[in-house]
Every structure is written in structure tokens, then in C-alpha cells.
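Following: one structure in C-alpha cells, then a few remarks.
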Amino acid sequence: KPAKLWGGRFAGGLHPIFDELNRSLPFDRRLVFQDIDGSVAWANGLAQAGVLNADEAAKLVSTLGEIRAELEKDPSPIDASRAEDVHSFIEETLVARVGDLGKKLHTGRSRNDQVATDLKLYLRGWLTDVQGEFQALQLSLVELASAHADAALPGYTHLQRAQPVTFGHQCLAYVEMLARDAERLRDAAGRMDACPLGSGALAGTAYPVDRDGLSRALGFARTTHNSLDAVSDRDHVLEIIFGCLTAMLHLSRLAEDWIFLASQESAVLRFGDTVSTGSSLMPQKRNPDALELLRGKVGRVHGALTTLVTTTKGLPLAYDKDLQEDKEALFDALDTTTACLRVAKLVAEDVVFDRTRALAATRVGYLDATDLADLMVGRGVPFREAHDRVGQAVNAAIEEGVELGELSAAARAAVMPELEGVDLAAELTTEAMLSRRDVIGGTAVERVRDEVAAWKKRLSSP
Ligand code: ARG
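Taking UniProt numbering, the leading residue of the sequence shown gets 4, the next gets one more, and so forth.
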């Protein structure tokens with residue numbers, strides 16, 4: 004069994020049951036390279052502060068570099084280790100190679116400022132990578148919007164047919180949401196960008212290290228200015244999980260919309276074989292499992308946020324072991340979000356939209372009622388009055404079993420005499436209804452095309 008980093012006043016080892024609960028190496032192992040990078044910066048910082056001589060620092064730095072290179076090729080020594088956590092693992096590995104010199108590295112440092120630093124370094128990397136995932140998914144949705152800028156389908160409110168929109172317009176709604184999600188995570192990255200290393204266990208380090216120099220060496224924009232806060236701040240973990248959660252919520256809405264559009268009740272979307280599944284019993288089934296998982300995985304990320312909120316609530320200053328519980332929930336939220344962004348992209352790239360069927364659906368359910376009222380407004384009828392009369396027209400149409408444009412002459416004369424002689428069928432085509440929504444953010448085909456062009460430009464400039 005490896006000796007503990009803190010063994011001085013303890014006889015014997017931990018009870019194996021507690022040791023299992025206490026160990027974080029099984030999950031904080033993913034911070035291994037950040038732990039090495041932080042240790043390199045700390046070794047150099049100690050040398051600058053006169054705690055290590057130049058040769059000692061150089062030996063530590065080169066050995067840490069060797070360990071890094073070896074673990075990049077083969078991480079199996081981590082699996083084999085019984086170390087308490089990733090920090091203990093790296094220190095043990097170092098001491099095994101350079102003996103007493105390795106034991107000097109932890110001078111003036113605590114695992115408390117170390118883990119806070121490692122985690123921020125790891126999150127910085129993830130936040131950079133995930134921007135690419137957002138962008139890739141947005142681009143596929145923009146492509147889909149581009150191909151369907153003029154493809155009408157029923158738009159719904161309350162899941163009742165409301166007014167026609169284009170499928171392109173609907174795709175771009177998700178592009179907007181994802182842009183906010185990506186921005187929220189960029190904001191979180193900016194707020195997190197202060198280096199806690201040199202805060203010690205809680206009170207600051209007792210050696211004259213140049214903390215701003217450490218921050219620069221590790222690529223941070225700023226240095227934290229209160230050691231008590233710095234070692235126990237997990238605001239960024241909360242914020243980033245929340246950023247993941249809004250993205251997941253948005254993906255769940257996309258999933259729900261598309262599952263509905265692919266259902267036999269709607270049947271205007273069909274997903275590719277690579278993201279669809281069958282039934283073990285019912286041979287005819289073609290199930291949208293990929294989208295159901297996008298919808299279902301939200302629970303895990305919401306759970307992670309609840310975990311962190313519960314963990315940090317009422318936590319006394321400064322570091323408490325409760326904070327070790329931040330990592331599993333956080334990592335699961337990050338992994339889930341990345342995986343779902345990727346799967347959503349696969350689905351978007353392989354979806355087939357049935358234009359003919361979707362257009363036909365816009366003609367059923369009186370989606371033209373608002374436009375009919377607007378035609379009456381054009382003839383001087385106050386909107387509220389027009390609304391009321393079109394309501395009567397809808398009732399009459401239901402009774403006659405026709406669309407509004409096909410109402411009998413008697414019904415027309417009774418409820419909308421102002422529109423005598425107007426070719427209603429021509430005024431109430433889906434195309435005409437779309438083209439009237441010609442405002443910023445509206446579903447008119449040209450507006451959607453403009454938005455597609457704007458997004459293409461935005462997403463291709465870095
Ligand atoms: N494994 C610990 C964590 O993840 C590292 C910090 C431990 N510090 C301590 N004083 N026990 O939070």
C-alpha cells in the first residue's frame with residue numbers, strides 16, 4: 004500500500020471500506036496532465052522564490068515531463084496505483100524516480116490550491132473544445148435550414164396547429180438557442196480565469212512565490228486575491244453545469260419537436276438508419292431512440308447541478324472534503340453534453356424532410372384564420388371584430404366540412420361581406436401567408452434565407 008501524503012501522526016492504514024469512499028483517483032485521474040502542468044509551474048515558482056536551486060527545479064521539471072510523456076502513451080500505471088488521489092499519484096511517481104528531491108515539490112503547496120488549479124485548467128480545455136462541438140451542430144442545422152428555407156410546415160402553439168412556418172425557420176430557432184448556450188459557457192470561462200495556485204491550504208503560502216508569474220505560466224488572465232475563497236470557490240463548476248444544462252434543455256426540445264414530426268401523426272421527418280432503432284418484437288417499428296436519449300439525458304445534467312448546489316450550500320470556509328464530490332457530477336455533465344451535441348449533429352445530418360406532405364398539412368386545420376382576419380382588417384374592419392367574425396367563419400367551415408377559402412357564398416356573405424369579390428383561395432395560400440411574415444425574425448422565405456447567410460458568415464469566422 005502506498006504511504007499517505009499525510010501519514011505522520013497516523014498508525015496503520017485506513018479501514019479498507021473508508022479508503023474506498025475516500026479515494027478519488029478513480030475519477031480525478033482525468034486531471035493527471037493538469038496536475039503535472041501545475042506541478043511544473045510550482046517547481047519553477049519555488050526556484051524563483053529561492054526555495055529550490057536551479058538544478059533541483061530543472062530535475063523536477065524534466066522528470067515531470069518524462070512522466071507526462073509516458074502516461075500519454077500508456078496510462079495503465081494509474082489503473083495499477085492505489086494512491087489516494089491524482090495528486091498523491093503524481094507525487095509518488097516523482098519520488099519513486101528522484102527520491103528526496105521529489106519530496107520537496109509540495110513545499111508551500113496544498114492539495115487544496117492544487118486541485119482548484121487543476122480543475123480550472125481542465126475546464127478551460129473542455130470549454131475550448133465544446134465551442135467546436137456547438138459550432139459543428141449549428142452548422143449542420145444551418146445547412147438543413149438552407150435546404151429548407153422555403154419548405155412550409157404547420158407551426159404549433161399548445162401543440163395545436165397555429166400558422167405555417169418554414170422548416171428552415173424552425174431549424175434556425177435551435178441555432179439561436181445553441182448560440183446563447185455557447186456564449187454562456189464562454190462567459191463562464193472568462194469569470195473562472197483566475198489562478199488559485201499559491202493560496203496554500205487556506206491562508207496563502209509562506210514562501211515568497213510570484214503568484215502573478217504562476218498565473219501567467221499557467222495561462223490564466225488573473226490571479227485570485229483571497230486564499231480562503233480561492234481554495235473553496237466552485238462557482239465556475241456550478242455555472243458550467245448550468246451552461247451544460249441549458250444546452251441539454253434546448254437539445255431536449257429539438258428532440259421532442261423532431262420525435263413529434265417523425266411520428267405517424269405528423270410523418271414529415273424521417274431519421275437515418277445510423278441513428279434509428281427497431282423493436283425486438285414488432286418488425287414494423289422504426290424508433291427515434293437517438294432523440295429520446297437526447298431528451299432523456301437532461302436528467303443526469305440536472306442531477307449534477309442539484310448535486311453541486313447541495314454540496315456547496317452552507318459549506319464553511321475554506322476547503323472541506325465535501326468538495327471532492329464536485330468532480331464526478333461535473334465530469335458526467337461535461338461528457339453527457341459533449342456526447343449529446345455530437346449525436347444531435349449526426350441526426351441533423353441524416354434527416355429527411357417530406358416537403359409535399361408538410362405543405363399539405365399546412366392546409367388542414369385553419370392555419371389561415373389569422374390571415375383571413377388580416378384581410379378584413381385591410382378592408383377597414385377593426386381587428387377584434389374581424390377576429391370574432393373569422394371565429395364564426397371557422398365554425399361554418401367545420402360545419403360545411405371545407406377550408407376557409409372554400410366557404411359557401413351564403414356563409415361568406417353572412418360573416419365577411421367586406422371581402423366580396425376577393426379571391427380568398429389565392430390570398431390564403433401557404434406561400435402567401437409565409438411571405439406576409441416579412442419582418443426581422445419572421446418566417447418569410449427571404450428572411451430565413453438572409454438569416455441562413457448571416458449564420459453561415461458568423462459561424463465560419465473564428
Ligand atoms: N482529492 C481531493 C479533492 O478532490 C484533493 C484535495 C484534498 N485535500 C485535502 N486536504 N484532503 O478535493
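Note that the Cβ used here is the ideal one computed from N, Cα and C, for glycine as well. Since we're looking at a predicted model, the values are computed, not measured.
- For Leu108, the closest of Leu144, Ile39, Asp77 and Arg71 by C-alpha to C-alpha distance is Ile39.
- Within the same chain, Cβ atoms closer than 6 Å to the Cβ of Val393 are found at Ala372, Leu375 and Ala376, the five residues on either side in sequence being excluded.
- For Leu142, the three-state secondary structure derived from DSSP is helix.
- With contacts defined as CB atoms closer than 8 Å, Val354 and Ala293 fail to qualify as a contacting pair.
- In this structure, Thr433 sits away from Arg358, with a CB-CB distance that is not shorter than 8 Å.
- Nearest to Phe334 by alpha-carbon distance, out of Leu318, Ala220 and Leu130, is Leu130.
- Its chain contains no residue whose beta carbon lies nearer than 6 Å to that of Asp22 once the 5 sequence neighbours on both sides are disregarded.
- Phe274 is bridged by DSSP to Val354.
- If only uninterrupted alpha helix (DSSP H) runs of at least 4 residues are considered, those enclosed by the stretch 346-429 are 358-364, 372-381, 386-403 and 412-418.
- A distance criterion of 7 Å places the beta-carbon of His109 beyond contact range of the ligand ARG, judged by its closest non-hydrogen atom.
- The distance from the Cβ of Cys343 to that of Met251 is about 6 Å, consistent with a contact at the 8 Å cut-off.
- The beta carbon of Leu221 is closer than 8 Å to those of Asp40, Gly41, Ala44, Thr120, Leu124, Cys198 and Leu200 in its chain, skipping five residues each way along the sequence.
- DSSP, read as helix, strand or coil, puts Gly317 in coil.
- Secondary-structure assignment with DSSP links Pro157 through a beta bridge to Pro167.
- Here Ala197 carries a strand assignment [DSSP, helix/strand/coil].
- For the pair Ala413 and Val397, the Cα-to-Cα distance works out to about 14 Å.
- Ile443 counts as exposed, since fewer than 16 other C-beta atoms from the protein chains shown sit within 10 angstroms of its C-beta.
- Contact between Leu308 and Ile244 holds, since their C-beta atoms are separated by about 5 Å, short of 8 Å.
- Per the Cβ contact rule, the stretch 88-105 is in contact with the stretch 60-73 (3 or more Cβ pairs under 8 Å).
- With contact defined as three or more Cβ pairs closer than 8 Å, the stretch 203-219 and the stretch 157-166 are not in contact.
- Not one heavy atom of the ligand ARG lies closer than 7 Å to the C-beta of Leu205.
- For a cut-off of 8 Å, the C-beta gap from Arg298 to Glu259 is around 6 Å, short enough to register as a contact.
- Of Ile81, Leu175, Ser113 and Leu140, the smallest CA-CA separation from Thr341 is found for Leu140.
- Pairing Asn115 with Val234 gives a Cβ-Cβ distance under 8 Å.
- For the pair Gly383 and Ala336, the Cα-to-Cα distance works out to about 56 Å.
- Leaving aside the five residues that flank Glu421 on each side, the residues in its chain whose CB is nearer than 8 Å to its CB run, in chain order, Met379, Arg382, Gly383 and Val384.
- Distances from the alpha-carbon of Arg214 to those of Val405, Arg440 and Gly48 put Gly48 closest.
- Asn290 is bridged by DSSP to Thr280.
- Secondary structure in the stretch 47-114: the alpha helix (DSSP H) runs of 4 residues or longer, each lying completely within the stretch, are 57-76, 79-83, 89-101 and 103-107 in chain order.
- Taking the Cβ of Val35 as the reference point, every heavy atom of the ligand ARG lies at 7 Å or farther away.
- In the structure shown, Thr226 adopts extended strand secondary structure according to DSSP, grouped into three states.
- For Ala389, the closest alpha carbon among the candidates Met419, Arg415 and Ile401 is that of Met419.
- Counting C-beta atoms within 10 angstroms of its own C-beta, Val405 has fewer than 16 neighbours from the protein chains shown and is therefore classed as exposed.
- A distance criterion of 7 Å places the beta-carbon of Val118 in contact range of the ligand ARG, judged by its closest non-hydrogen atom.
- For Tyr210, the secondary structure class from DSSP, reduced to helix, strand or coil, is coil.
- Rounded to whole angstroms, Gln134 and Gly408 show a C-alpha spacing of 49 Å.
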